[in-house]
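Everything below concerns the one structure shown next.
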Amino acid sequence: MYEDGARKKYMYPIYAIRVFFNFIKCSFKYDTYHFHFGHSLLPWNLDLPFLKLLKKNIFFEFHGSDVRQESIAYRMNHYWREVGLTNEERLRTRMLKLGKYAKAFIIHDDELLPHFTAELQPYIVPLRIEPDRFTPKYPNPDKKKVTIVHAPSNRGVKGTSYIHKAVENLKEKYDIEYILVENMTQDEAFKEYQKADIIVDQILGGSYGVFAIEAMAMGKPVITYITEQMQKTFPDELPIVSASPLNIETEIEKLILDGQRRYDLGVEGRKYIEIYHDCKKNGRIIGRIYEGKAKKATGKDAFEEVKEL
13 MYEDGARKKY
23 MYPIYAIRVF
33 FNFIKCSFKY
43 DTYHFHFGHS
53 LLPWNLDLPF
63 LKLLKKNIFF
73 EFHGSDVRQE
83 SIAYRMNHYW
93 REVGLTNEER
103 LRTRMLKLGK
113 YAKAFIIHDD
123 ELLPHFTAEL
133 QPYIVPLRIE
143 PDRFTPKYPN
153 PDKKKVTIVH
163 APSNRGVKGT
173 SYIHKAVENL
183 KEKYDIEYIL
193 VENMTQDEAF
203 KEYQKADIIV
213 DQILGGSYGV
223 FAIEAMAMGK
233 PVITYITEQM
243 QKTFPDELPI
253 VSASPLNIET
263 EIEKLILDGQ
273 RRYDLGVEGR
283 KYIEIYHDCK
293 KNGRIIGRIY
303 EGKAKKATGK
313 DAFEEVKEL
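In this text, residue positions in the sequence shown follow the working numbering: the first is 13, and each later residue adds one.
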């Protein structure tokens with residue numbers, strides 16, 4: 013253990029030099045920079061003043077906890093109190109700093125909008141994947157033993173304890189296989205997802221994310237918690253089953269008892285992601301943002317813009 017620590021200490025200067033030279037190379041090679049999670053080419057965003065000086069176009073895309081402030085999030089969705097969030101003063105300070113250098117900010121839906129000041133209002137571009145990478149395997153509506161899959165990247169954030177309890181209660185009445193996907197490679201995890209008749213993502217967050225989209229791309233019915241406020245901002249045909257800790261057992265049971273609905277939701281989910289979450293279509297929206305030709309649409313309008321492409 014001591015040797016590992018000493019080795020890391022020895023290697024750090026080499027790593028720092030490599031990072032710095034990568035920054036130099038990139039600063040001459042590219043004109044547009046699209047960063048994620050508030051990070052950039054150098055630690056502490058030390059590169060931003062230099063990129064700005066070189067008249068580079070800088071964009072930041074945020075995904076959730078990298079911008080979500082606790083006092084705002086708690087008002088919108090009380091379940092965030094169970095999760096706990098990052099210090100909001102630090103987040104606000106960082107956002108103001110990044111705003112001095114960024115040409116624009118990007119988020120995925122309306123959920124994060126209240127976390128930005130009027131001067132820093134972002135563009136909304138729906139989450140995106142490559143649909144062709146996913147082969148849909150729709151649930152067999154006549155299957156008697158139902159397979160439920162849950163893949164928590166963070167058990168506390170996903171509400172895993174509530175999901176466990178609901179499934180254990182339902183096992184007393186129905187023939188269920190419950191697969192918990194953790195500590196697997198992506199290929200191993202995808203093989204487990206393909207077995208699912210029902211995929212439960214999260215029941216606390218209030219919106220849907222990448223895993224829900226990937227599950228729909230695989231033709232699986234998805235359960236995840238979406239607040240009433242957020243449901244109004246998504247396309248009417250969103251085929252996700254919304255469930256919270258209060259009704260997760262009931263919603264799973266409904267799908268267990270209705271094989272045809274499981275199948276129909278799988279088919280509808282695949283169509284939904286092809287319309288709204290195809291990376292090629294959304295990439296055209298991002299291209300407009302780079303060019304300064306995009307409009308700052310919100311809610312259903314942001315999704316409708318993608319649908320029309």
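Glycine included, every Cβ here is placed at the ideal spot set by N, Cα and C.
Using the beta-carbon count (16 or more within 10 Å), is Ser165 buried or exposed?
What you label residue 165 is simply residue 153 of the sequence shown in a count that begins at 1. Classified as exposed, Ser165 has fewer than 16 neighbouring CB atoms from the shown chains inside 10 Å of its CB.
Three-way DSSP call (helix, strand, coil) for Asp313 in this model:
Translated into the one-based positions of the sequence shown, residue 313 becomes position 301. Looking at Asp313 - three-state DSSP - the assignment turns out to be helix.
Local Cβ density within 10 Å of Trp56, reported as buried at 16 or more and exposed below that:
What you label residue 56 is simply residue 44 of the sequence shown in a count that begins at 1. Trp56 comes out exposed.
Selection from Ile36, Pro143, Leu108 that minimises the alpha carbon distance to Pro54
Numbered from 1 along the sequence shown, position 42 holds the residue referred to as residue 54. Note on residue identity: the sequence assigns Leu, not Pro, to residue 54. The residue with the shortest Cα to Cα distance from Leu54 is Ile36.
C-alpha gap between Thr147 and Arg282, whole angstroms
Looking up residue 147 in the sequence shown gives position 135. Looking up residue 282 in the sequence shown gives position 270. Taking the straight line joining both Cα atoms gives about 10 Å.
For Gly304, three-class secondary structure by DSSP:
As a position in the sequence shown, residue 304 is number 292, starting the count at 1. In the structure shown, Gly304 sits in coil (DSSP, three-state: anything other than H, G, I, E or B).
Hey, quick one: how far does the alpha helix (DSSP H) through Tyr284 stretch, first residue to last?
Residue numbering aside, residue 284 sits at position 272 when the sequence shown is read from its first letter. Its alpha helix (DSSP H) spans residues 271-288.
To the nearest angstrom, report how far apart Lys308 and Phe128 are at their CA atoms.
Walking along the sequence shown from the start, residue 308 turns up at place 296. Walking along the sequence shown from the start, residue 128 turns up at place 116. Spanning the two alpha carbons is a distance of roughly 14 Å.
Sort Asn69, Ala85, Lys115, Thr172 by Cα distance to Pro126 and report the nearest one.
In the sequence shown, the residue the question calls residue 126 occupies position 114. Looking at Asn69, Ala85, Lys115, Thr172, the one whose alpha-carbon comes closest to that of Pro126 is Ala85.
Ala114, DSSP secondary structure in three states
Within the sequence shown, residue 114 is the residue found at index 102, counting from 1. Three-state DSSP puts Ala114 in coil, outside helix and strand.
What's the call for Pro134, buried or exposed, on a 16-neighbour Cβ count within 10 Å?
In the sequence shown, counting from the first residue as 1, residue 134 sits at position 122. Buried is the label assigned to Pro134, since at least 16 other Cβ atoms lie within 10 Å of its Cβ.
Could you please give the first and the last residue of the uninterrupted alpha helix (DSSP H) stretch that includes Leu60?
In the sequence shown, counting from the first residue as 1, residue 60 sits at position 48. It spans 60-65 - the alpha helix (DSSP H) in which Leu60 sits, taken as one unbroken run.
Thinking just about the alpha-carbon of each residue, which of Met230, Val31, Val318, Asn99 is nearest to the one in Pro143?
Taking the sequence shown and counting its residues from 1, the one referred to as residue 143 is at position 131. Considering only alpha carbons, the answer is Met230.
Quick one: what does DSSP say Tyr27 is sitting in, helix, strand or coil?
The residue labelled residue 27 in the question sits at position 15 within the sequence shown. In the three-state scheme derived from DSSP, where H, G and I count as helix and E and B as strand, Tyr27 is classed as helix.
Go ahead and pull the three-state DSSP assignment for Glu184.
Numbered from its first residue, the sequence shown carries residue 184 at position 172. DSSP places Glu184 in coil when its eight states are reduced to three.
Cα-Cα separation between Ser39 and Gly221, rounded to whole angstroms:
If you number the sequence shown from 1, residue 39 lands on position 27. If you number the sequence shown from 1, residue 221 lands on position 209. Here the alpha carbon of Ser39 sits roughly 32 Å from the alpha carbon of Gly221.
CB of Gly218 within 8 Å of CB of Asn99, strictly
By one-based count along the sequence shown, residue 218 stands at place 206. By one-based count along the sequence shown, residue 99 stands at place 87. The criterion of a C-beta distance shorter than 8 Å is not satisfied by Gly218 and Asn99.
As assigned by DSSP and simplified to three states, the class of Asp248
In the sequence shown, residue 248 corresponds to position 236, counting from 1. When secondary structure is reduced to three states using DSSP, Asp248 falls in the coil class, being assigned neither helix nor strand.
Assign Ser52 to one of two classes, buried (16 or more other C-beta atoms within 10 Å of its C-beta) or exposed (fewer than that).
Numbered from its first residue, the sequence shown carries residue 52 at position 40. Buried: at least 16 other Cβ atoms inside 10 Å.
For the candidate residues Leu216, Glu189, Ile215, Gln214, whose alpha-carbon lies nearest to that of Glu204?
The residue given as residue 204 occupies position 192 in the sequence shown. When Leu216, Glu189, Ile215, Gln214 are compared, the shortest CA-CA separation from Glu204 is found for Glu189.
So, does the stretch 175-194 touch the stretch 293-303, judging by three or more C-beta pairs under 8 Å?
Not touching, per the Cβ criterion.
Once the 5 residues before and after Gly304 are set aside, which same chain residues still bring their CB inside 7 Å of it?
Taking the sequence shown and counting its residues from 1, the one referred to as residue 304 is at position 292. Annotation for Gly304: no residue places its beta carbon closer than 7 Å to its own, counting only its chain and skipping 5 residues before and after.
Along the chain, which unbroken stretches of the alpha helix (DSSP H) at least 4 residues long are found entirely within the stretch 140-206?
Taking 4 residues as the shortest admissible run, the stretch 140-206 contains the following complete alpha helix (DSSP H) segments, listed from N- to C-terminal end: 167-170, 172-183, 198-206.
In terms of residues, what are the limits of the alpha helix (DSSP H) holding Tyr86?
Mapped onto the sequence shown, residue 86 falls at position 74. That run of the alpha helix (DSSP H) goes 82-88.
Give me the Cα-Cα distance between Tyr91 and Asp290, rounded to the nearest whole angstrom.
Taking the first residue of the sequence shown as position 1, residue 91 is located at position 79. Taking the first residue of the sequence shown as position 1, residue 290 is located at position 278. About 30 Å.
Whether Ala201 touches Ala163 by CB criterion (8 Å):
Sequence index remark: in the sequence shown, residue 201 carries index 189 (1-based). Sequence index remark: in the sequence shown, residue 163 carries index 151 (1-based). Contact: yes.
Take Arg140 and list the residues in its own chain whose beta-carbon comes closer than 6 Å to its own, dropping the five residues that flank it on each side.
Taking the sequence shown and counting its residues from 1, the one referred to as residue 140 is at position 128. Excluding residues within five positions, the ones whose Cβ falls inside 6 Å are His289, Cys291, Asn294.
Would you check if the distance between the CB atom of Tyr45 and the CB atom of Leu63 is smaller than 8 Å?
Position 33 of the sequence shown, counted from the start, is the residue given in the question as residue 45. Position 51 of the sequence shown, counted from the start, is the residue given in the question as residue 63. Yes; because the gap between Cβ atoms is below 8 Å, this pair is in contact.
Close beta carbons around Lys156, own chain, < 7 Å, minus the five adjacent residues each side:
Indexing the sequence shown from 1 puts residue 156 at position 144. If you ignore the 5 residues before and after Lys156, its C-beta comes within less than 7 Å of the C-beta of Asp187, all in its own chain and listed in chain order.
Residues bridged to Asn99 by DSSP?
Residue mapping note: residue 99 aligns to position 87 of the sequence shown, counting from 1. Answer by DSSP bridge pairing: none, since Asn99 is not bridged.
Leaving out five residues before and five after Met13 in sequence, what residues of the same chain have Cβ atoms less than 8 Å from its Cβ?
Taking the sequence shown and counting its residues from 1, the one referred to as residue 13 is at position 1. Reliability fails at Met13, whose pLDDT of 46 lies under 50, so the model's placement of it is uncertain and the value that follows must be treated cautiously. The beta carbon of Met13 sits closer than 8 Å to no other beta carbon from its chain once the five residues preceding and following it are set aside.
Val222, enclosing alpha helix (DSSP H) - first and last residue:
Residue mapping note: residue 222 aligns to position 210 of the sequence shown, counting from 1. For Val222, the enclosing alpha helix (DSSP H) begins and ends at 222-229.
Start and end of the beta strand (DSSP E) containing Glu320?
For the purposes of this step, residue 320 is taken as the residue at position 308 of the sequence shown. Looking at the DSSP string, Glu320 is not in any beta strand (DSSP E), and its letter there is neither H nor E.
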